[in-house]
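Engineer: Have a look at this one before I ask anything.
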Amino acid sequence: MLSQLTSEHYLSQRIFDLERDRIFRRLWLFAGFRTSIAEPGAFLTRTMAGLPVLLQNCDGDIRAFENLCPHRQMPLQQQPFGQARMVCPYHGWVFDHDGKVKSIPHEDTLYAYTPAEREALCLKRYAVEIVGNMVFVNLAPSPMAIGSQFTDDFLSLLAEASGHFAALSVHVDIPVRYNWKLNYENVLDANHIPYIHPKSFQPLLRDRERRTAQEEKPNRVPRDEPAAPAGVHSTASGLLAQSLLQSAPMRIDPWPWHDAVQRYGSQDCFYTFSIFPNVNFISPGGLTFIAQQFEPLAPGLTQLRMTLTIAKEKRRVPGLPALLRTYLKGEASVLNEDIAYLEALQARLYLGAPRAQHGQYEHRLQSAAQAYLDLLGQESAA
Ligand code: FES
Ligand SMILES: [Fe+2]
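Under our numbering, think of the first position of the sequence shown as 419, with each following residue one higher.
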């Protein structure tokens, strides 16, 4: 079956602009781990759908603002992660937790704003939803309900899994030269694993045939079944069907630190949460957790954002920062295997190139493409 997407969807600035407006500035987007900004005053900054976003812990409440001072557009917080009050570094304006200007140095002598002008000075705020330890932001002026994007079952599973996060996490941004959709499609396609990762990832998957068979037959999971049994969880359709949890048997080599943490689930499984539109959240064995996000920067440019943590500690894990860095390095080396091929794919793509020929096993790519086109308001290619 021919893919519903044409090469234009991976190359054109026009489509990229449409995606930004109709998908990324409309849907709920994963923004970061709550545990990364758990302390009062802690913040993280990032770009989302081309907008500078600040997530700030305001006395325990996570709030999202546009990271742009209303005076002369200086980013209020300059670092990717940190802990600081909301004070603009350019001319010292101070903001309160609602984003309103609390004080302006030498306000009367230098600025003399009218009361109406003064009243209008505030940071733009965005809607936030916290799911376990995952923070979601919606950039729309009137955000849709998060339940219109993710099923209640999926949100509960995500809350439960991310509730197992340790306090400490590590993060890396990797700029890659391909369209964000290539990476999202790649993570929906387990059939690439033996070819692209024959030595790194493939040997850890116990039973690929069984996994593929399960992927072919989505099954209903009764509500009283324990969280995260093996298989595919989704009974929804359309947009709601895109975000789901899958699990596959995995070989877990025991390490001493495994006994020191409260793992998620009880099985030696590789858990994969697909979070539409652009996150692959995985957990090998419920012991480590990795969020991979494919943030579009340009039609052929993506920021691959990766945040990694382990399950929360029952007792202290010695050398945890070094352990996290080692796992992050390991994950990045597997990702680099994907990146090399996806960059090669994008580099040779041209307008008018033939469309992909999907086989039956690629039904999730087809379904994701349909949901994507529905959001874009476009007909599929004939
Ligand atoms: S730009 Fe922020 S205080 Fe001037
Ligand atoms: Fe891969």
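Even for Gly, the Cβ is constructed at its ideal location relative to N, Cα and C.
Note that the structure is predicted; figures quoted are calculated from it, not measured.
Could you check the C-alpha separation between His515 and His610 for me, to the nearest Å?
Structural biologist: If you take the alpha carbons of His515 and His610, they lie about 47 Å apart.
Engineer: Along the beta strand (DSSP E) that carries Pro533, what are the first and last residues, could you check?
Structural biologist: Element bounds for Pro533: not the beta strand (DSSP E) but the alpha helix (DSSP H), 533-537.
Engineer: Which of helix, strand or coil does DSSP assign to Glu426?
Structural biologist: Three-state result, Glu426: helix.
Engineer: With Ser421 and Ala774 assumed to form a contact (beta carbons below 8 Å), what rounded beta-carbon distance in angstroms separates them?
Structural biologist: With 8 Å as the limit, Ser421 and Ala774 qualify as a contact, their Cβ atoms being about 4 Å apart.
Engineer: Give every residue of the same chain whose Cβ lies closer than 8 Å to the Cβ of Asp477, excluding the five residues on either side of it in the sequence, and list them in chain order.
Structural biologist: Pro458, His515, listed in sequence order.
Engineer: Below 8 Å, how does it come out for the region 562-571 and the region 450-470: are there three or more Cβ pairs, yes or no?
Structural biologist: The region 562-571 is not in contact with the region 450-470.
Engineer: Measure from the alpha carbon of Val735 to the alpha carbon of each residue in Leu586, Arg432, Glu578, Val505, then state which is nearest.
Structural biologist: Answer by Cα proximity: Leu586.
Engineer: For a test of your reading of the model: does the CB of Phe619 fall under 8 Å from any non-hydrogen atom of ligand 2? Yes or no.
Structural biologist: Yes, the beta carbon of Phe619 sits closer than 8 Å to at least one heavy atom of ligand 2.
Engineer: How many Å lie between Arg669 and Leu622 at the Cα?
Structural biologist: For Arg669 and Leu622, the distance between alpha carbons rounds to 5 Å.
Engineer: Using 8 Å for Cβ pairs, my map puts Leu722 next to Ile441. What's the rounded Cβ distance?
Structural biologist: So it is not a contact: roughly 18 Å between Cβ atoms.
Engineer: What do you reckon, is the C-beta of Leu753 under 8 Å from a heavy atom of ligand 2?
Structural biologist: Indeed, a heavy atom of ligand 2 lies less than 8 Å from the Cβ.
Engineer: Should Thr720 go down as buried or exposed, given a rule of 16 or more other Cβ atoms within 10 Å for buried?
Structural biologist: Thr720 is buried by the Cβ-count criterion.
Engineer: Using DSSP with H/G/I as helix, E/B as strand and the rest coil, what is Lys808?
Structural biologist: Residue numbering for the chain in the displayed model covers 419 to 800; residue 808 lies beyond these limits and cannot be assessed.
Engineer: Could you tell me whether the region 461-475 touches the region 489-499, using the rule of 3 or more Cβ pairs below 8 Å?
Structural biologist: The answer is yes - the region 489-499 touches the region 461-475, with three or more Cβ pairs under 8 Å.
Engineer: Heavy atom of ligand 2 less than 8 Å from the Cβ of Asn604, yes or no?
Structural biologist: Yes, the Cβ of Asn604 comes within 8 Å of a heavy atom of ligand 2.
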